[in-house]
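**Student:** The structure is given below, and queries will be raised subsequently.
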Amino acid sequence: MDKTFNPQNIEQQRYQHWESNGYFKASGEGDPYCILLPPPNVTGSLHMGHAFQHTIMDALTRYHRMQGDNTLWQCGTDHAGIATQMVVERQLNAQGKTRHDLGREAFVDKIWEWKEHSGGTITQQMRRLGTSPDWEREAFTMDDDLSDAVREVFVKLHEDGLIYRGKRLVNWDPVLHTAVSDLEVLNEEEDGHMWHMRYPLADGSGELIVATTRPETMLGDTAVAVHPDDERYQHLIGQQIKLPLTGRLIDIIADDYVDPEFGTGCVKITPAHDFNDYDIGKRHNLDMINVFTADAKLNDSVPEAYRGMDRFDARKQIVADLDAQGLLVKVDAHKLKVPRGDRTGAVIEPYLTNQWYVAVESLAKPAIEAVESGEIRFVPENWSKTYYQWMYNIQDWCISRQLWWGHRIPAWYDDQENVYVGRDEAEVRNKYNLADDIALRQDEDVLDTWFSSALWPFATMGWPKQTPELETFVPSSVLVTGFDIIFFWVARMIMMTKKFTGKIPFKEIYITGLIRDEQGDKMSKSKGNVLDPIDLIDGIELDALVEKRTGGMMQPQLAEKIAKRTRKQFPDGIAAYGTDALRFTFTAMASTSRDINFDMNRVEGYRNFCNKLWNASRFVLMNTEQQDTGANGGDMTLSLADRWIWAEFQNTLEQVEQAINTYRFDLAAQAMYEFTWNQFCDWYLELSKPVLNAETSTDAEKRGTRHTLVNVLESLLRLMHPFMPFITEEIWQRVAPLCGIDADSIMVQSYPVVDNQYKDAAVRSDMEWVKSFIVGIRNIRGEMDISPNKPLSVMLRNVSNEDTRRLTLSEAFLAKLAKVEDIKVLGSDEQAPASATALVGEMEILIPMAGLIDKDAELARIRKALEKVEKDFARTEGKLNNENFVSKAPADVIDKEKAKLDDFRIQMEKLRAQQQTIEDL
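Under UniProt numbering, think of the first position of the sequence shown as 1, with each following residue one higher.
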């Protein structure tokens, strides 16, 4: 093995070997275990959230594959209707063209061309992350078989009366020219205004004052509403108002929706441009006047003076005209929630259009029951409440989008606008007995991307055909996803899978937290805190990182701010940490928290962990290669340390298995880290040296220790492989032959299981005693500044029979690791010379100081160190007592100063204790 671990030298080579040998395929044997990859957008690239979730999915997949389960990780990508169309349209715009210049067919061909050349970025990045889905089964939501499934579902739902077409109010993105769902609208508070306007009564007897945040919509008003019990206006109900600027007469109506305490108690009603007004309009049979075009300009339904104006330009003109006519009462500053499209940032407009809908009430009921009955389980369980909250209040689902890229709605129209639904035009003609000379045109709209995604659990398994995969892998075992798409995707998969297969789509739903930066802020390009997982794996120079974070920004001041922050945070760029360190970081962070703060220090720490494992493995190999490791039999005697490390490993196995089964990957990582670093590397390797190097050791003893070294390491590599696949494979290839294993890859080995013959609580207790003895002596050396290589004479007091037994067992370990030259057990009345002491249970360890230290010199050293720490403590305490500093410093700076103060306090206490000990000698 190389002297240093260099992940760049091994990762891609190892991955290609795995993939080319078909190790990612389901074995066809054992219990079925299936994970569905939430299909990332074909336009996307791997971000930290993806990398986090994909690490968890891959760990589960590799774990169950090694358990002998018939394991399938079904992968694929989503055609991402809006996002993909935007990408290709922007490319055309850069050439001075639009999609309309090409026409629908040519534009869709252009998207397919882009998909073939540029749409596989994320799947290549997934390979870099070491993920092991069955790539041969990779699906794309626009593939022929999945498209067939989409048409089949649409037709069947329509035949069952669950899909219908109707004119209703939708969220309209005026940039994309399409409806978007509530879930694709971001409602953020912004500064705005409230305009108060006079609406004259038609008979000239007075006026009502109404207020609005969108004056431009007044041109579509069809009523003014008051509360039926509001005494101020009861005499006006049923009368009419002359709508300003239009001259139209509109009614004054009474509706319980109106809050008489808010404003004047009068509300303008614009049914075609407000969701609440739309409901009122339906209750009172009001006209619904749409005043906008698809791109949010004023249409021909408004007075000629405003036609063709952008909505916000029209707003200014309307306010000016009202003011000129004395109808503007006042304008107040007002904070309001502004709905913006999550793709374009454009202000969303409620818009009245014909759309296709799924009536979801009957689909929702069995989906709710599946969770209530425990047939489907959320992990953590509290996310079920979020699911219920949406499902119990679910609204019909608008599934049509005014795009060209996507699954075109399988509906046709004749010249009289009659609608015919079928899988294709030939079926429609046959089904509805339509002659060939009757002209039909297909619906221009496509289906919402989430419609096809909802079919993912069964469409990817071959439905509507009755395939073996459909029988075996539906339901799948677990869905790993974020809480942000419980409504978008999870709920809809449950509804659709129950409807069309009668089965649940998955048994468990593991909801992960959201990866944030180390300050707890959401990662976003505008904040300049985005991290690319590939940059953490490969490393990136500072200038390249700055360019990556600021490139293409339209605001120079923001770009400079982000550049400055990046240079401060990463003055040397980002080091290459390798895939395993990043994966283990994600594993260690996978707690039950909703938000997970990503700390770069942890990645560095786990890179050190990889180095520790690498160097420990080199030690094992140097002491076992070309040696007898018991692979071919022979007498073996296991030392106390050998038996102890096997017992510790069984305990670690139990902890890891329990953690994985409860989706506590952080606890699994903690158990593996603790055993590897502290028990195996720091303790056992040192404990093996007395046996391997002592001339008095027998062949059976040496063979037993070599056997333990290689076999515990080999088992440990298999334990960690699902989480750190590359380094474990690389080391395993060298270690496995020493264990008598002849196999091609660690991937095809079984996961380690607890071996009861090695579970020995007494051995673990004995070794904890030995470790406490050694640590006690090492602590005394450190406190008294005694060289670690100086042999020591040790006295013991309060020695029990059990202590005596353990002393006999561990004599060689104490001599080697604690540098104990001789041990004297003191009688109950025997006095000890001036000594430094440590406790092991009730037994007292005494090390006589005579001749070991210069008392005066040591006290002088301690006083000097104590003086420095006291000054540091006083300076830091002064900072924190300074109100000016505390009021201006960022929270993280204050927290660091508080941590420093605590550290200085601990140092002072330790130095004073040492001082007292030496003074007492």
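Glycine included, C-beta positions come from ideal geometry on N, C-alpha and C.
Can you look up Leu-37 in the DSSP assignment and give me helix, strand or coil?
**Tutor:** Taking the first residue of the sequence shown as 1, we reach residue 37 at position 37. Coil.
**Student:** Which same chain residues, not among the five before or five after Asp-230, have their C-beta less than 6 Å away from its C-beta?
**Tutor:** As a working mapping, residue 230 is identified with position 230 in the sequence shown. Cβ within range, chain order: Pro-260 and Gly-265.
**Student:** Which residues bound the beta strand (DSSP E) around Tyr-351?
**Tutor:** Counting from one through the sequence shown, the residue named residue 351 turns up at place 351. Unbroken beta strand (DSSP E) run through Tyr-351: 349-358.
**Student:** Could you tell me the alpha carbon to alpha carbon distance between Met-391 and Thr-512, rounded to whole angstroms?
**Tutor:** As a position in the sequence shown, residue 391 is number 391, starting the count at 1. As a position in the sequence shown, residue 512 is number 512, starting the count at 1. C-alpha separation (whole angstroms): 20 Å.
**Student:** According to the neighbour-count rule (16 or more other Cβ atoms, all chains shown, within 10 Å of its Cβ), is Trp-73 buried or exposed?
**Tutor:** In the sequence shown, the residue the question calls residue 73 occupies position 73. That one is buried.
**Student:** By how many angstroms is the C-alpha of Lys-499 removed from the C-alpha of Tyr-684?
**Tutor:** Numbered from its first residue, the sequence shown carries residue 684 at position 684. Numbered from its first residue, the sequence shown carries residue 499 at position 499. If I take the Cα positions, the gap works out to 57 Å.
**Student:** Give me whichever residues DSSP pairs with Asp-173 in a beta bridge.
**Tutor:** Here residue 173 refers to the residue found at position 173 of the sequence shown. In DSSP, Asp-173 forms a bridge with Thr-178.
**Student:** Under three-state DSSP, which class holds Cys-610?
**Tutor:** In the sequence shown, counting from the first residue as 1, residue 610 sits at position 610. DSSP places Cys-610 in helix when its eight states are reduced to three.
**Student:** On the DSSP bridge assignment, give the partners of Leu-328 in chain order.
**Tutor:** Your numbering for residue 328 matches position 328 in the sequence shown. Per DSSP, Met-197.
**Student:** Output needed for His-54: all residues of its chain with C-beta closer than 7 Å, excluding positions within five of it in sequence on either side, in chain order.
**Tutor:** For the purposes of this step, residue 54 is identified with residue 54 of the sequence shown, where counting begins at 1. For His-54, where only same-chain residues beyond five positions count, the Cβ hits under 7 Å are Met-126, Leu-129 and Thr-131.
**Student:** Using alpha carbons as the reference points, say which of Gln-733, Gly-634 and Ile-376 lies closest to Gly-704.
**Tutor:** Here residue 704 refers to the residue found at position 704 when the sequence shown is read from its first residue. The residue with the shortest Cα to Cα distance from Gly-704 is Gly-634.
**Student:** Just the C-alpha distance for Lys-790 and Val-840, rounded to the nearest angstrom, thanks.
**Tutor:** As a position in the sequence shown, residue 790 is number 790, starting the count at 1. As a position in the sequence shown, residue 840 is number 840, starting the count at 1. Taking the straight line from one Cα to the other gives about 22 Å.
**Student:** Using only the alpha-carbon positions, how far apart do Arg-248 and Leu-447 sit?
**Tutor:** Position 248 of the sequence shown, counted from the start, is the residue given in the question as residue 248. Position 447 of the sequence shown, counted from the start, is the residue given in the question as residue 447. Going from the Cα of Arg-248 to the Cα of Leu-447 covers about 39 Å.
**Student:** Can you tell me which of the three DSSP states Met-795 falls into?
**Tutor:** Numbered from its first residue, the sequence shown carries residue 795 at position 795. Looking at Met-795 - three-state DSSP - the assignment turns out to be strand.
**Student:** When burial is assigned at 16 or more other CB atoms within 10 Å of the CB, is Phe-107 buried or exposed?
**Tutor:** Position 107 of the sequence shown, counted from the first residue, corresponds to residue 107. It is buried - the Cβ of Phe-107 has at least 16 other Cβ atoms within 10 Å.
**Student:** Suppose you measure from the CA of Val-421 to the CA of Gly-120; what does that come to, to the nearest Å?
**Tutor:** By 1-based counting over the sequence shown, the position of residue 421 is 421. By 1-based counting over the sequence shown, the position of residue 120 is 120. If you take the alpha carbons of Val-421 and Gly-120, they lie about 34 Å apart.
**Student:** With burial defined as no fewer than 16 other Cβ atoms inside 10 Å of the residue's Cβ, what is the status of Thr-98: buried or exposed?
**Tutor:** If you number the sequence shown from 1, residue 98 lands on position 98. The residue in question, Thr-98, is exposed, as its Cβ has fewer than 16 Cβ neighbours within 10 Å.
**Student:** Pick out whichever of Lys-564, Lys-525 and Ala-576 has its Cα sitting closest to the Cα of Met-554.
**Tutor:** For this step, residue 554 is matched to residue 554 along the sequence shown. Nearest option by C-alpha distance: Lys-525.
**Student:** Checking the sheet assignment: what are the DSSP bridge partners for Ser-591?
**Tutor:** By one-based count along the sequence shown, residue 591 stands at place 591. Its beta-bridge partners do not exist; DSSP assigns none.
**Student:** What number of angstroms, rounded off, separates the C-alpha of Asn-354 from the C-alpha of Thr-344?
**Tutor:** On the sequence shown, position 354 is the one that residue 354 refers to. On the sequence shown, position 344 is the one that residue 344 refers to. Taking the straight line from one Cα to the other gives about 23 Å.
**Student:** Only counting the same chain, and skipping five residues up and downstream in sequence, which positions put a Cβ closer than 8 Å to that of Ala-836?
**Tutor:** Sequence index remark: in the sequence shown, residue 836 carries index 836 (1-based). Hits under 8 Å: Ile-780, Glu-783, Met-784, Leu-846, Ile-847, Met-849, Thr-917 and Leu-921.
**Student:** Going by the CB atoms, is the gap between Trp-397 and Tyr-351 shorter than 8 Å?
**Tutor:** Counting from one through the sequence shown, the residue named residue 351 turns up at place 351. Counting from one through the sequence shown, the residue named residue 397 turns up at place 397. Taking 8 Å as the Cβ cut-off, Tyr-351 and Trp-397 do not qualify as a contacting pair.
**Student:** Kindly confirm or deny that the segment 564-583 and the segment 32-48 touch, where touching means at least three C-beta pairs closer than 8 Å.
**Tutor:** Contact fails: fewer than three Cβ-Cβ distances are below 8 Å.
**Student:** How would you call Asp-580, buried or exposed, if buried means at least 16 neighbouring beta carbons within 10 angstroms?
**Tutor:** Within the sequence shown, numbered from 1, the residue matching residue 580 stands at position 580. Its Cβ being crowded by 16 or more others within 10 Å, Asp-580 is buried.
**Student:** Please report the distance separating the alpha-carbon of Pro-475 from that of Gly-462.
**Tutor:** As a first step, residue 475 must be located in the sequence shown, where it is residue number 475. As a first step, residue 462 must be located in the sequence shown, where it is residue number 462. Their backbone Cα atoms lie some 14 Å apart in a straight line.
**Student:** Answer with buried or exposed for Pro-457, where buried requires no fewer than 16 other C-beta atoms within 10 angstroms of its C-beta.
**Tutor:** Within the sequence shown, residue 457 is the residue found at index 457, counting from 1. The residue is buried, with at least 16 neighbouring Cβ atoms inside 10 Å.
**Student:** Would Arg-441 be called buried (16 or more neighbouring beta carbons within 10 Å of its own) or exposed?
**Tutor:** If you number the sequence shown from 1, residue 441 lands on position 441. Arg-441 comes out exposed.
**Student:** In three-state DSSP terms, what is Asp-822?
**Tutor:** As a first step, residue 822 is located in the sequence shown; it is residue number 822 there, counting from the start. Strand.
**Student:** With a floor of 4 residues, list each alpha helix (DSSP H) that falls wholly inside the segment 408-436, ordered by position along the chain.
**Tutor:** As far as the segment 408-436 is concerned, its whole alpha helix (DSSP H) runs of at least 4 residues are 425-431.
**Student:** Can you give me the start and stop residues for the alpha helix (DSSP H) that Ser-362 sits inside?
**Tutor:** Position 362 of the sequence shown, counted from the start, is the residue given in the question as residue 362. 361-372 is the span of the alpha helix (DSSP H), which, as asked, contains Ser-362.
**Student:** Could you tell me which residues DSSP pairs with Pro-271 in its beta bridges?
**Tutor:** Translated into the one-based positions of the sequence shown, residue 271 becomes position 271. Looking at the DSSP assignment, Pro-271 forms no beta bridge with any residue, so it has no partner.
**Student:** Got a sec: is the Cβ-Cβ distance from Asp-760 to anything in chain C below 8 Å?
**Tutor:** Looking at the structure shown, chain C is missing, and only one protein chain is on hand.
**Student:** Would you mind sorting Pro-556 into buried or exposed? The rule is 16 or more other CB atoms within 10 Å of its CB.
**Tutor:** Along the sequence shown, one-based indexing puts residue 556 at 556. Exposed: under 16 other Cβ atoms inside 10 Å.
**Student:** Tell me Trp-73's beta-bridge partners as DSSP assigns them.
**Tutor:** The residue you call residue 73 lines up with position 73 of the sequence shown. Answer is Ile-35, bridged to Trp-73.
**Student:** Going by CA-CA distance only, name the one from Ser-147, Leu-243 and Asn-187 that's closest to residue 959.
**Tutor:** Look at the range of the chain in this structure, 1 to 921, and you will see that residue 959 is not part of it.
**Student:** Beta-carbon separation of His-334 and Met-194 under 8 Å?
**Tutor:** Translated into the one-based positions of the sequence shown, residue 334 becomes position 334. Translated into the one-based positions of the sequence shown, residue 194 becomes position 194. Closer than 8 Å, so yes.
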